[in-house]
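Student: Those protein sequences? They're chains A and B, same order as listed.
Under numbering that gives the first Met the number 0, the first residue of the first sequence is numbered 0, with each subsequent residue one higher.
Under numbering that gives the first Met the number 0, the first residue of the second sequence is numbered 0, with each subsequent residue one higher.
Have a look at this one.
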Amino acid sequence: MQPKVVIKKSMLYIVQAVLLVIFGYPFFLLIINSFKSLLEIFENPVALPTTYSFDQIATAFENMNFGTTFVNSLLITVVSVSLILFFSAMAAHFMVRNDTKTNKILFFLLVFSMIIPFQVVMIPINIIYGGVLGFFQDIPFTILIALYVGFGSALAVVIYHGFVKSIPYELEEAAQIDGCSRIGVFFRIVLPIMLPTSVTIAILTVLWIWNDYLLPSLILTKSELYTMPIQIKVFSGEYQNDWALLIPAMLLTILPVIAAYIFGQKYIIRGVMQGAIK
Amino acid sequence: MVRGDMMQKAKQGQLIGWQLMFTGVTIATFLLSIGIPFVYGFFLSLFDLKSVSGEGTFAWLSNYGDAFNDKAYWTSLWITLKYTVYTVVLTNVLAFAMAFLVTAGTRGQNVVRAAIFMPNMIGGIVLGYIWVFIIGRVFMDFGESSGIALFQRSFFGEPELAFLSLVIVSVWQQSGYMMIVLIAGLLNVPRDLIEAAMIDGAGAWQRLRAIILPMMVPAFLVTLFLTLRNSFLVYDLNLSLTAGDPYNSTEFVSMYLVNVGLRSTGSNFGLAQAEAIILFVIVAAIAWAQFAYGKRKEVEA
Numbered sequence: 000m001q002p003k004v005v006i007k008k009s010m011l012y013i014v015q016a017v018l019l020v021i022f023g024y025p026f027f028l029l030i031i032n033s034f035k036s037l038l039e040i041f042e043n044p045v046a047l048p049t050t051y052s053f054d055q056i057a058t059a060f061e062n063m064n065f066g067t068t069f070v071n072s073l074l075i076t077v078v079s080v081s082l083i084l085f086f087s088a089m090a091a092h093f094m095v096r097n098d099t100k101t102n103k104i105l106f107f108l109l110v111f112s113m114i115i116p117f118q119v120v121m122i123p124i125n126i127i128y129g130g131v132l133g134f135f136q137d138i139p140f141t142i143l144i145a146l147y148v149g150f151g152s153a154l155a156v157v158i159y160h161g162f163v164k165s166i167p168y169e170l171e172e173a174a175q176i177d178g179c180s181r182i183g184v185f186f187r188i189v190l191p192i193m194l195p196t197s198v199t200i201a202i203l204t205v206l207w208i209w210n211d212y213l214l215p216s217l218i219l220t221k222s223e224l225y226t227m228p229i230q231i232k233v234f235s236g237e238y239q240n241d242w243a244l245l246i247p248a249m250l251l252t253i254l255p256v257i258a259a260y261i262f263g264q265k266y267i268i269r270g271v272m273q274g275a276i277k
Numbered sequence: 000m001v002r003g004d005m006m007q008k009a010k011q012g013q014l015i016g017w018q019l020m021f022t023g024v025t026i027a028t029f030l031l032s033i034g035i036p037f038v039y040g041f042f043l044s045l046f047d048l049k050s051v052s053g054e055g056t057f058a059w060l061s062n063y064g065d066a067f068n069d070k071a072y073w074t075s076l077w078i079t080l081k082y083t084v085y086t087v088v089l090t091n092v093l094a095f096a097m098a099f100l101v102t103a104g105t106r107g108q109n110v111v112r113a114a115i116f117m118p119n120m121i122g123g124i125v126l127g128y129i130w131v132f133i134i135g136r137v138f139m140d141f142g143e144s145s146g147i148a149l150f151q152r153s154f155f156g157e158p159e160l161a162f163l164s165l166v167i168v169s170v171w172q173q174s175g176y177m178m179i180v181l182i183a184g185l186l187n188v189p190r191d192l193i194e195a196a197m198i199d200g201a202g203a204w205q206r207l208r209a210i211i212l213p214m215m216v217p218a219f220l221v222t223l224f225l226t227l228r229n230s231f232l233v234y235d236l237n238l239s240l241t242a243g244d245p246y247n248s249t250e251f252v253s254m255y256l257v258n259v260g261l262r263s264t265g266s267n268f269g270l271a272q273a274e275a276i277i278l279f280v281i282v283a284a285i286a287w288a289q290f291a292y293g294k295r296k297e298v299e300a
């Protein structure tokens with residue numbers, strides 16, 4: 000190899016190592032400080048712990064009501080995302096195959112809605128469903144999930160819409176001639192072909208709903224209903240600067256996400272790439 | 000004739016049935032989340048409204064007049080704009096540079112890529128608190144041991160430094176996502192085009208300017224749209240990192256609207272809604288300008 004190439008290569012490695020530190024070090028600090036006492040954290044926040052104690056993690060786990068909070072987040076995310084995928088796929092397929100005026104208007108409205116900031120509908124939502132109808136008190140999870148389905152449909156329908164156009168109609172026609180009903184065509188032919196697109200949409204939607212804070216914080220005001228982001232917000236208010244509790248609580252919060260990331264990293268990055276192109 | 004009409008009607012009825020079955024839920028939830036609140040929001044902005052029960056007095060357009068004279072609102076919009084400019088520029092430049100770096104073909108580049116993307120897996124609330132710890136504790140500690148004056152100052156106590164913290168953490172958070180989008184764009188640039196340019200003797204800079212950048216315009220339009228939107232409407236990170244402090248100097252427009260439109264008692268919700276609608280008009284104008292620009296570029300290409 001020429002010396003010039005060697006220098007260029009090693010420069011590349013050095014810069015990449017620096018990037019690895021910049022993006023990885025905060026998480027590393029979170030891990031090592033989870034095992035330390037408050038005194039140790041204050042003495043030296045970057046030193047490795049002298050003894051590895053799980054006390055702080057256990058206390059945080061209990062105080063933040065980890066089990067309930069985690070299940071709440073999981074339930075809301077899984078149900079919302081499943082509904083978004085299912086109904087958006089149905090709608091997009093129907094809209095492509097029936098190019099009527101109604102469907103054109105509907106598609107336009109969905110695209111248009113993507114530029115509406117949440118802050119514009121926030122106060123009306125709070126007044127209509129919270130103040131006037133009392134849904135936030137009576138059916139908190141149901142209204143939250145219904146709202147998520149509404150907010151998530153636009154992107155999902157637009158992505159599915161683009162995909163369905165690429166499915167040859169002859170395929171569906173052939174199935175219909177063979178005696179497959181309209182619903183049968185959708186479930187047996189279209190839905191399976193849509194699987195990769197569904198994975199892309201699912202990833203984008205899960206990332207959004209799992210981490211969303213503002214909307215659920217309006218609706219889920221009782222502690223047994225909290226999701227992970229709300230719990231961390233409340234926790235940080237209760238234990239201001241008690242880093243020996245807050246840090247393990249944050250570690251616990253991101254652990255499931257990191258686990259999912261390590262597991263499905265390839266799909267997640269591919270999902271983001273494909274979601275952006277469309 | 001009559002029979003034909005009936006057939007027609009029956010067919011139409013059937014189509015409406017299918018329409019409802021396939022798109023009914025989407026239409027209903029869309030109306031619930033966006034349609035009804037959006038329209039009702041215009042209506043609300045015409046009222047002087049003091050409680051969430053929805054009762055108020057009709058006030059014509061006076062809320063809009065008040066909004067234009069509301070100094071706190073325009074200050075928060077102005078600092079949001081400033082923050083958006085810094086964040087959008089830095090994020091896109093960094094993301095582009097990193098997209099190049101991690102597609103150069105070195106071993107282990109996938110690990111680096113995955114690490115850079117990682118902050119996007121975690122929400123703004125948690126990331127904000129992680130950085131409160133790093134900036135508030137680790138920076139301090141580093142300042143004491145190294146003697147560098149900058150790190151001995153209180154980042155969250157001084158308006159400029161608190162603002163800087165928000166920009167840094169936002170860039171750190173978003174650039175990984177944008178990097179992935181730009182990699183997708185980079186992979187779309189045909190290799191033989193670049194090789195042909197190399198044979199013709201084009202240097203690295205020329206290749207970048209004449210081939211790579213023009214071919215990547217669509218990808219940049221996506222990252223520009225996403226970073227603009229994320230930055231202009233940022234809330235979670237703002238709340239957890241600075242909570243608007245010190246002295247409301249980092250209270251961006253979303254937080255401002257939440258504070259006057261939801262949290263505080265005694266504020267006029269109609270005014271807050273009018274201010275939210277002005278925000279929408281600004282966002283829509285930016286989106287439209289970008290869309291028009293994108294269309295023009297597409298035609299040129």
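Backbone N, C-alpha and C define an ideal beta-carbon position, used for all residues, glycine too.
Since the structure is predicted, the reported quantities are computational estimates derived from the model, not experimental observations.
PHE132/B and ILE179/B: beta carbons closer than 9 Å?
Tutor: Along the second sequence, one-based indexing puts residue 132/B at 133. Along the second sequence, one-based indexing puts residue 179/B at 180. No; because the gap between Cβ atoms is not below 9 Å, this pair is not in contact.
Student: Given LEU244/A, which residues of its chain have a CB within under 8 Å of its CB, disregarding the five upstream and five downstream residues?
Tutor: Taking the first residue of the first sequence as 1, we reach residue 244/A at position 245. So the qualifying residues of the chain are GLN55, THR58, ALA59, ASN62, PHE234, TYR238.
Student: Report the residue from GLY161/A, TYR159/A, ILE192/A, SER152/A whose alpha carbon sits nearest the alpha carbon of LEU170/A.
Tutor: Against the first sequence, residue 170/A aligns to sequence position 171. Ranking the options by Cα distance to LEU170/A, first place goes to ILE192/A.
Student: Would you say the segment 271-282 of chain B touches the segment 196-203 of chain B, given that touching needs at least three Cβ pairs under 8 Å?
Tutor: no
Student: ASN64/A to ILE30/A, Cα distance in whole Å?
Tutor: As a position in the first sequence, residue 64/A is number 65, starting the count at 1. As a position in the first sequence, residue 30/A is number 31, starting the count at 1. Using only the alpha carbons, I get a separation of about 20 Å.
Student: Please decide whether TYR212/A counts as near chain B, where near means a Cβ-Cβ distance under 9 Å.
Tutor: Position 213 of the first sequence, counted from the first residue, corresponds to residue 212/A. So, interface residue.
Student: Are the beta-carbon atoms belonging to PHE21/B and MET89/A less than 9 Å from one another?
Tutor: On the second sequence, position 22 is the one that residue 21/B refers to. On the first sequence, position 90 is the one that residue 89/A refers to. Yes, the Cβ-Cβ distance between PHE21/B and MET89/A is below 9 Å.
Student: Where does ASP69/B sit, in a helix, a strand or coil, going by DSSP?
Tutor: The residue labelled residue 69/B in the question sits at position 70 within the second sequence. Looking at ASP69/B - three-state DSSP - the assignment turns out to be coil, as it is neither helix nor strand.
Student: May I ask you to report which of helix, strand or coil DSSP gives ILE16/B?
Tutor: Taking the second sequence and counting its residues from 1, one reaches residue 16/B at position 17. Residue identity check: residue 16/B is Gly in the sequence provided, not Ile. Reduced to three states, the DSSP call for GLY16/B is helix.
Student: Going straight from the alpha carbon of PHE86/A to that of LEU165/B, what length do you get?
Tutor: Residue numbering aside, residue 86/A sits at position 87 when the first sequence is read from its first letter. Residue numbering aside, residue 165/B sits at position 166 when the second sequence is read from its first letter. PHE86/A and LEU165/B: Cα-Cα distance of roughly 38 Å.
Student: Grab me the residues of ASN32/A's own chain with a C-beta within less than 6 Å of its C-beta, minus the 5 sequence neighbours each way, in chain order.
Tutor: Taking the first sequence and counting its residues from 1, one reaches residue 32/A at position 33. Counting only Cβ-Cβ distances below 6 Å, and skipping sequence neighbours, we find ILE40, ILE246.
Student: In chain B, what lies closer than 7 Å to ILE124/A by C-beta?
Tutor: Numbered from its first residue, the first sequence carries residue 124/A at position 125. Ordered by position in chain B, the residues that pass the 7 Å Cβ test against ILE124/A are PRO36.
Student: Once DSSP output is grouped into helix, strand and coil, what is the label at GLY55/B?
Tutor: Within the second sequence, residue 55/B is the residue found at index 56, counting from 1. Looking at GLY55/B - three-state DSSP - the assignment turns out to be strand.
Student: Nearest to LEU186/B by alpha carbon, out of PHE268/B, PRO217/B, PHE141/B?
Tutor: Numbered from its first residue, the second sequence carries residue 186/B at position 187. Closest option to LEU186/B, Cα to Cα, is PRO217/B.
Student: I'd like to know whether the C-beta atoms of PHE268/B and LEU43/B end up nearer to each other than 9 Å.
Tutor: The sequence position of residue 268/B within the second sequence is 269, counting from 1. The sequence position of residue 43/B within the second sequence is 44, counting from 1. The answer is yes: Cβ separation under 9 Å.
Student: For ASP54/A, report the span of its alpha helix (DSSP H) as first-last.
Tutor: Against the first sequence, residue 54/A aligns to sequence position 55. First-last of the alpha helix (DSSP H) with ASP54/A: 54-62.
Student: Please state whether DSSP places ASP244/B in a helix, a strand or coil.
Tutor: As a first step, residue 244/B is located in the second sequence; it is residue number 245 there, counting from the start. In this structure, ASP244/B counts as coil in the three-state DSSP scheme.
Student: Quick one: list the residues of chain B neighbouring SER222/A, beta-carbon separation under 9 Å, in chain order.
Tutor: Translated into positions along the first sequence, residue 222/A becomes position 223. The premise fails here: SER222/A is roughly 16 Å from chain B at the closest Cβ pair, so nothing lies under 9 Å.
Student: Check whether the segment 227-241 of chain B touches the segment 161-175 of chain B, taking contact to mean three or more Cβ pairs, one atom from each stretch, closer than 8 Å.
Tutor: Cβ pair count under 8 Å is three or more, so yes.
Student: Counting only the same chain and skipping the five closest in sequence on each side, list residues whose C-beta sits under 6 Å from that of SER112/A.
Tutor: The count along the first sequence starts at 1 and reaches residue 112/A at position 113. Excluding residues within five positions, the ones whose Cβ falls inside 6 Å are ALA153.
Student: Rounded to whole angstroms, what's the CA-CA distance from PRO123/A to PHE154/B? Just pull it up for me.
Tutor: Taking the first sequence and counting its residues from 1, the one referred to as residue 123/A is at position 124. Taking the second sequence and counting its residues from 1, the one referred to as residue 154/B is at position 155. If I take the Cα positions, the gap works out to 37 Å.
Student: Three-state secondary structure (DSSP) at ASP191/B?
Tutor: Within the second sequence, the letter at position 192 stands for residue 191/B. Correct three-state label for ASP191/B: helix.
Student: Alpha carbon to alpha carbon, how far is GLY263/A from GLN18/B?
Tutor: Sequence index remark: in the first sequence, residue 263/A carries index 264 (1-based). Sequence index remark: in the second sequence, residue 18/B carries index 19 (1-based). Roughly 36 Å between the two C-alpha positions.
Student: Using beta-carbon positions only, say whether TYR292/B and LEU212/B come within less than 9 Å of one another.
Tutor: One-based indexing of the second sequence puts residue 292/B at position 293. One-based indexing of the second sequence puts residue 212/B at position 213. Result no, Cβ atoms of TYR292/B and LEU212/B do not sit closer than 9 Å.
Student: Closer than 7 Å between beta carbons: that is the criterion. Which residues of the segment 224-245 of chain A meet it against chain B?
Tutor: PRO228, ILE231, LYS232, SER235, TRP242, LEU245
Student: Of the choices ILE253/A, VAL271/A, ILE231/A, MET227/A, whose alpha-carbon is the least far from that of THR68/A?
Tutor: Your numbering for residue 68/A matches position 69 in the first sequence. Cα-wise, what sits closest to THR68/A is MET227/A.
Student: Give me, in chain order, the residues of the same chain whose beta-carbon lies closer than 7 Å to that of MET0/B; leave out the 5 immediate sequence neighbours on both sides.
Tutor: Taking the first residue of the second sequence as 1, we reach residue 0/B at position 1. Note that MET0/B scores 47 on pLDDT, short of 50, meaning its location in the model is unreliable and no value can be drawn from it.
Student: Please name the residue in SER266/B, LEU232/B, ASP244/B whose C-alpha comes closest to that of VAL84/B.
Tutor: In the second sequence, residue 84/B corresponds to position 85, counting from 1. Nearest C-alpha to VAL84/B: LEU232/B.
Student: Can you list, in chain order, the residues of the segment 114-145 of chain A whose Cβ is nearer than 9 Å to any Cβ on chain B?
Tutor: ILE114, ILE115, PRO116, PHE117, GLN118, VAL119, VAL120, MET121, ILE122, PRO123, ILE124, ASN125, ILE126, ILE127, TYR128, GLY129, GLY130, VAL131, ILE142, ALA145
Student: What ranges does the alpha helix (DSSP H) occupy inside the segment 15-99 of chain A, keeping only unbroken runs of at least 4 residues that lie completely in it?
Tutor: 37-42, 54-62, 65-96
Student: What is the DSSP secondary structure of ASP4/B, reduced to helix, strand or coil?
Tutor: Here residue 4/B is taken as the residue at index 5 of the second sequence, counted from 1. Three-state DSSP puts ASP4/B in a helix.
Student: With DSSP as the reference, please indicate the residues paired to ASP47/B in a beta bridge.
Tutor: Residue numbering aside, residue 47/B sits at position 48 when the second sequence is read from its first letter. The partner list for ASP47/B (beta bridge, DSSP) reads THR56/B.
Student: Using a Cβ-Cβ cut-off of 7 Å (strictly less than) and excluding sequence neighbours within five positions of PHE185/A, which residues of its own chain qualify?
Tutor: Counting from one through the first sequence, the residue named residue 185/A turns up at place 186. So the qualifying residues of the chain are MET89, HIS92.
Student: Along chain A, in chain order, which residues have C-beta atoms closer than 7 Å to that of ILE211/B?
Tutor: Within the second sequence, numbered from 1, the residue matching residue 211/B stands at position 212. Residues of chain A passing the Cβ test: none, with the nearest at roughly 17 Å.
Student: Out of PHE138/B, ARG112/B, LYS81/B, GLY122/B, point me to the one whose CA is closest to ALA98/B's CA.
Tutor: As a working note, residue 98/B is residue 99 in the second sequence. Comparing Cα-Cα distances from ALA98/B to each of PHE138/B, ARG112/B, LYS81/B, GLY122/B, the minimum goes to ARG112/B.
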